[in-house]
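Visitor: Please find one structure pasted underneath; my questions will follow.
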Amino acid sequence: MPEYSYIGKRMPRIDSLAKVTGAAKYTADLKFPRMLVGKVLRSPLPHARILNIDASRALRLPGVKAVVTGKDTYGEKWGVFRYTQDQMFLPLDKVRYFGEEVAAVAATDEDTALEALELIKVDYEELPAVFDPMEAIAPGAPLIHDDFPQNINIHVHIEVGDVEGGFAKSYLVREDTFTAAEESYFQGEPYAVVARFDLDGNLEIWMPNAGPHMKAKPLSNALRIPLHKVHVRKIAIGGAFGGRSEISPADFICALLARKTGRPVKIVYTREENTVCTRQGHSMIATIKTGVDKTGRVLARDVTCYMDGGAYSSTGPIATSVPFLCMEQAYKMDSVRYNGYRIYTNKPIRGMIRVHGRAFACGVDTQLDMIAEELGMDPVEIRLVNAREAGEYTPTRSYVASCAMKETILKAAEKARWKEKWGKLPKWRGIGIGCNSVQTGFPMGIRGGSQAIIKFNEDGGATVISGVVDNGQGNDNMLVQIAAEELGLRPEDIQLVTADTEVTPLDPGAYSQVSTFIGGQAVRLAAQDARKKLFQIAARALEAHPDDLVARDRMIFVKGVPHKGLPIQKVIRMGLSQGISVAGEGSYWPKVDPKREWVQNPYGQMCEAFSFGTTIAEVEVDPETGKVKVLEVVAAQDVGFALNPLVLEGQFQGAVAMGGQGGMLTEYHFWDGGRVMNPTQLEYKVPLAIDMPKIHTIIVESVDPKGPYGAKEAGMSIAMSAAQAYSAAICNAIGVYLKDYPLTPEKILKAIREKEEAGEKTHQ
Amino acid sequence: MSKRIVKFRVNGEEVELAVEPHWTLLEALREELDLTGTKEGCSEGVCGSCTVLVDGAPVRACLTLALEVEGREILTVEGLGGPDGLDPLQRAFIERGAVQCGFCTSGMLMAAKGLLLENPNPSQEDIKRALAGNICRCTGYIKIIEAVEEAASLSPTPIHESR
Amino acid sequence: MRLPRFDYLEPHTLEEALEMRSEAGEKGEVLAGGTDLLVRMKQRLKKPSFLITLKHLRELEGVKMEEGELAIGAKTSLRDVIRSPWVQRYANGLAEALSSVGAYTIQHVRGTIGGNLCQDTRCLYYNQSAFWRSGRAPCHKAGGKICYAREGSDRCRSTNQSDGATALLALDARVTLRSLRGERTIPVSDLFTMKGEAPLDIRSDEILTTIRIPIASQSAASAYERISYRSAIDFPVACAAVLIEAEDKTIRRARIAVGAMGNAPLLMIQAAELLQGKPLEDEGVRKRAARIAMDHASAFAVNNVGATVEWRVSMVEVLVRRALRRACEAARGIGEGP
């Protein structure tokens, strides 16, 4: 193991200082001269035809500078994929969910903008609406999109091996159905956009995003301006969690208003708008049939999922696939069938989310626990029997190069003292385990790779230019650590120019867990390229061979002779005096199967690396109230290699909070038709500091052959396995397998009481 | 509607603003004084991103009218620390990895500052209770609590372990 | 979210405040801590033309002992009420109730006991933004003729979720209201109209000035229990407050109040009478009383605060029972002497 200066070290993040001093600028903090306030008028009906929009009174209000409606657009439909183009950012024909954008105003101040909204008159013809996915696919249901019969947005069908044969050979077969309500991201920062055009028609735009390049292209298309004139700028971002990947109507609307008024425009969403009018997680019904042999090894599995996608496709094909993919990566299975249906309803739009498919993930693992019980095994044993191993292929034919799933299971079990506790805890206490795997990247065609450029200043500092975006997870710091390490400089010598589409090269974005693996790798390669060039120059001066040189702590020297070196600053200047301006270039494109497609051809190498996580939770249930006190959680993840353990711990802890503490205990949306009844943090219960348990984090390193230093994705496997572990622990505590998530006190108490009554009956 | 003059102190400086009655302290700080470190996360007092100290006590700036703080002493995140450097809380937040996306950070710092001003030696329970009204979506709170403990110069009770 | 516009009136004495209140009438609201009022204004549930701030009225603050009762200024902050040694000694249930309100950083410093007592009722179909409520007819509480929480209801079914109100009802508190016309002191139970649309009997020219809690006897004890999903921020979805007066290890008098069920906290008279004359140690009678309280509460609960009605109602039994146990134990501790 090489000795690194910065890689693998617990390093405080470089972006923390700006954040603790209040200096970091988020989109809503931006202020430009003559900036206007933008506000969006939204549909108060879940499904209606737009007959007429009359903005004349709004336009006459002093201070109102522009109003835009669908008539100000090119009338085109956008979609993440060509076959999911179903959304107009300002609809012309009809609205499909309560809260959909209908018009927008730009005014000199907020009060005027709000007043103007009230003066816009929209005539609607209300249409019958449907809010339940199973009702939406039933005959006679109102059709939400003309091109999608039965309101089926996406159908992913995967079939591998001999499923029926597998069941026939099974010693035990179970079929169970699991359900989960939808959940939401509740990023700290409500969505906001600032846009302005210059006189040359260049658009500068700021918004929280998980991939500026992924925003720029659709904006260029929608506004019909060349891509090089769309500059999505770097800005501090208050979280994404999967919900800020694609272009948002607000991005387009803000740009439209800026173009129309010739002034900068800022739109800031309320918390409610952030919940209702961006994205949410899918609710889901998952029917899982699993057949195992006597040892608990899964021989066949058949899963059918119905997901409520809301009014538009968003990343439909991806969202419909990911829950399945996480399972097929985590566990061995030779024969598997999957039918995933994403269904339109007149509800807010659903997208990808960090805990992807509670019903699916918790269902698979709960079923394993049920099977284990029938076979007389314990949950850890059955996980070990089925755990993915390195060198295998997933059913859809992705090669898994590195995998320490079993190690995460064993280490978590040891730390949690599983053997002491399983089956031996006092009444109302339970312990449970969850295992999952997350892909590091999605196939993204021409945008699947990242390129980085490094330039030097004559005083020895370097600037890294990369499209990698930081949503708060620490990507900026990761780039600095890598660049400093490879260049032999100190972190404070590295400047970043990142996530700015005017300047930075293509990058796939952060939402497919790929920033370290691909973006970090590109920076590493660029730094190595620059270093090679520096070594060429230094080698001559030091009368050595470039291969014998080392760069460390701002010096270049021959290996083993650190006192006879040259400062990097000097080498750069030497180069310049020779007419050589050193710069580094690196790019990384993962070798994935270019023919793999979510719906048409869901087979082939999906990405180059997978992370694996195991969480074990111990809980105590209050049998009188059904409330759960979480005592202790152990989270172990195979991250490939820990670039910064301090950052990783924070990721794991946050993942336990989101996936387990919130995701399994309290977070869900409930509805009044098309209206979400809990759009803010008062009634949507995200976890609080006062309820957090003790969390132990275990980093496992399988050292991936392709990842930079062996690193893969970190954090999401824990979010998912934490949900599963919490669920399993609660089921263990009360002796009932629950199948409808989240596990609120009501459901837990009901299960306890029903079990007691059933027990009384059997004793009579 | 005519504006009214309100005088108060912010981060040690005397301030005189002409405000409309319906402006909140949060809006006045962010828009009139360009102190954008205090954030609007929900506007209904729940998330805590707008927490500031008024006469040393934590308050929701989004639910306080600007006119209500006449004559008071306001401390925002920009007022933490001084020319000599960072407040121990700020330093601890950085060193302990308690900052991820950073949006809740100023509110957390101010709530913690309010706690330490009143109780320089809080227990872990005291800290959890003092921060109970500040929502963080990224960190899971563990490192934030550790940072406050460190700033209060207690040896942090290990509430997590790693490796 | 933006507040609507209003005129800000700034009295320096209670007299001035009462004059302004009288003049503004229905168009005015009193601004104490504002942590409830301002949210409702942002949601356009309340649109007062005038806000009368109490910020200069120090005379409305403070906890005093006056003639066998605790007299608490309505504008006393939650924090100061909780920390008052008198409140902790003689009205512990109130301290517990106010401690559980929201979170320290939200309401405890700016929020006031008067504000918490006079907290307007809540309903998830009502306490929403103006946009959320648009596109359909307004409900009873919003000036319309329909109830979205309970289909067909001809009246408002909004829920009182005030921790303080429930505790004060159990403590048999009285409140003093002043206006230019004079002063009236009424039992706190009379403050509630049982009408969700306008749940408090406070005239538009009145200001609540004082909350009075009788000091029942030396061996009295009170306790408060509440439940919600999280341990802070949330309103209670069920709560209970009890007062136990004991003598010779026997319950002489009990009061049980249940909140978060119906338009007002409920006084459980029958359940309380069951306890009269029973030993402090009698667990069985406490269980029976709790069950009676639960049965009565079930008639009032409506599914409008999140969490199922079934669960909330069953929690009434748990919370009453637990509060009774703690109050009885505390009364035993006091009654047993040195």
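Chains A, G and H, in that order, are what the protein sequence lines are.
Residue 183 in our numbering is what sits at position 183 of the first sequence, and the numbering runs on without skipping anything.
Going from the second sequence to our numbering is simple: count from 1 and add 764.
Going from the third sequence to our numbering is simple: count from 1 and add 927.
Just so you know, even glycine gets a beta-carbon here, dropped at the ideal spot from N, CA and C.
(1) Taking 8 Å as the CB-CB limit, is Leu873 (chain G) close to chain A?
(2) Does Ser1011 (chain H) come within less than 8 Å of chain G when only Cβ atoms are used?
(3) Which residues, in order along the stretch 687–698 of chain A, keep a beta-carbon less than 9 Å from a beta-carbon of chain H?
(4) Can you look up Ser766 (chain G) in the DSSP assignment and give me helix, strand or coil?
(5) Can you list, in chain order, the stretches of the alpha helix (DSSP H) that have 4 or more residues and sit fully within the stretch 1145–1201 of chain H?
(6) Measure the C-alpha to C-alpha separation of Gly1264 (chain H) and Ala1148 (chain H) and round it to an integer number of angstroms.
(7) Whose CA, out of A:Gly640, A:Gly674, A:Leu631, A:Ala642, lies closest to the CA of Gln661 (chain A)?
(8) Helix, strand or coil for Leu325 (chain A)? Go by DSSP, reduced to three states.
(9) Looking only at C-alpha atoms, which of G:Asp890, G:Met874, G:Ser870, G:Gly846 sits nearest to Gly776 (chain G)?
(10) Would you kindly work out how many angstroms separate the C-alpha atoms of Arg82 (chain A) and Leu219 (chain A), rounded to a whole number?
(11) What would DSSP say about Glu791 (chain G), mapped onto helix, strand or coil?
(12) What are the boundary residues of the alpha helix (DSSP H) that Thr177 (chain A) is part of?
(13) So Trp589 (chain A) and Gly449 (chain A) are supposed to be a Cβ contact under 8 Å. How far apart are they, rounded?
(14) With DSSP as the reference, identify every bridge partner of Asp601 (chain A), one or two as the case may be.
(15) Go ahead and pull the three-state DSSP assignment for Cys435 (chain A).
(16) So Tyr1017 (chain H) is in the alpha helix (DSSP H); what residue range does that whole segment cover?
(17) What does Leu1051 (chain H) touch in chain A if you count any residue whose Cβ is under 9 Å from its own?
(18) Considering only C-alpha positions, which residue in the set A:Val68, A:Ala722, A:Asp15, A:Thr278 is nearest to Ile431 (chain A)?
(19) Along the chain, where does the beta strand (DSSP E) that runs through Pro645 (chain A) open and close?
(20) Under a three-way DSSP split, which group does Glu925 (chain G) fall into?
(21) Against Leu45 (chain A), what residues of chain H qualify as contacts under a CB-to-CB distance less than 8 Å, listed in chain order?
(22) Just the Cα atoms here: how many angstroms apart are Ala1076 (chain H) and Val770 (chain G)?
(23) I need the straight-line Cα distance from Met139 (chain A) to Gln150 (chain A), nearest angstrom please.
(24) Can you give me the C-alpha to C-alpha distance between Pro974 (chain H) and Phe933 (chain H), rounded to a whole angstrom?
(25) Closer than 7 Å, Cβ to Cβ, to anything on chain G: give me those residues from the stretch 176–193 of chain A, in chain order.
(26) Could you check whether the Cβ of Lys421 (chain A) sits closer than 8 Å to any Cβ belonging to chain G?
(27) Determine the closest residue to Leu895 (chain G) out of A:Gly357, A:Leu688, A:Gly188, A:Ala387, with distance taken between C-alpha atoms.
(28) Could you check whether Met307 (chain A) and Gly262 (chain A) sit closer than 8 Å to each other, using their CB atoms as the reference points?
(29) Measure the CB-CB distance between Val700 (chain A) and Glu407 (chain A) and report whether it falls below 8 Å.
(30) What does a CB cutoff of less than 6 Å around Ala1159 (chain H) pick up in its chain, not counting 5 residues either side in sequence?
(31) Helix, strand or coil: how does DSSP classify Ile1138 (chain H) here?
(32) DSSP on Val80 (chain A), reduced to helix/strand/coil?
(33) For Asp507 (chain A), name the three-state secondary structure that DSSP assigns.
(34) Would a check of beta-carbon distances place Gln764 (chain A) closer than 8 Å to chain G?
(35) Give me the Cβ distance between Val20 (chain A) and Val863 (chain G), rounded to the nearest whole Å; I'm assuming they're in contact under 8 Å.
(36) Tell me the DSSP secondary structure of Arg1213 (chain H) in three-state form.
Guide: In brief:
(1) yes
(2) no
(3) Pro687, Leu688, Ala689, Ile690, Asp691
(4) coil
(5) none
(6) Confidence at Gly1264 (chain H) is low in this model, with a pLDDT of 44, below 50, so the placement of that residue should be treated as unreliable; the coordinate-derived value is given next. Approximately 14 Å between the Cα atoms of the pair.
(7) A:Leu631
(8) helix
(9) G:Gly846
(10) 15 Å
(11) helix
(12) Here Thr177 (chain A) belongs to no alpha helix (DSSP H); instead the beta strand (DSSP E) covers 172–180.
(13) 3 Å
(14) The residue asked about is misnamed: residue 601 (chain A) is Asn in this sequence, not Asp. Answer is A:Glu597.
(15) strand
(16) 1012–1017
(17) Phe670, Asp672, Met677, Asn678, Glu683
(18) A:Ala722
(19) Not the beta strand (DSSP E): Pro645 (chain A) falls in the alpha helix (DSSP H), residues 645–655.
(20) Low confidence applies here, because Glu925 (chain G) scores a pLDDT of 40, under 50, leaving its location unreliable and the question unanswered by this model.
(21) Gly1062
(22) 43 Å
(23) Reading the sequence as shown, one finds Pro at residue 139 (chain A) and not Met. Distance between the alpha carbons of Pro139 (chain A) and Gln150 (chain A) is about 7 Å.
(24) The residue you asked about is not Pro; residue 974 (chain H) is Lys in the sequence shown. Roughly 8 Å separates the two Cα atoms.
(25) Phe186, Gln187, Gly188, Glu189, Pro190
(26) no
(27) A:Leu688
(28) no
(29) yes
(30) Ala1030
(31) strand
(32) coil
(33) coil
(34) Its pLDDT being 48, under 50, Gln764 (chain A) is placed unreliably by the model, and nothing is read from it.
(35) 6 Å
(36) helix
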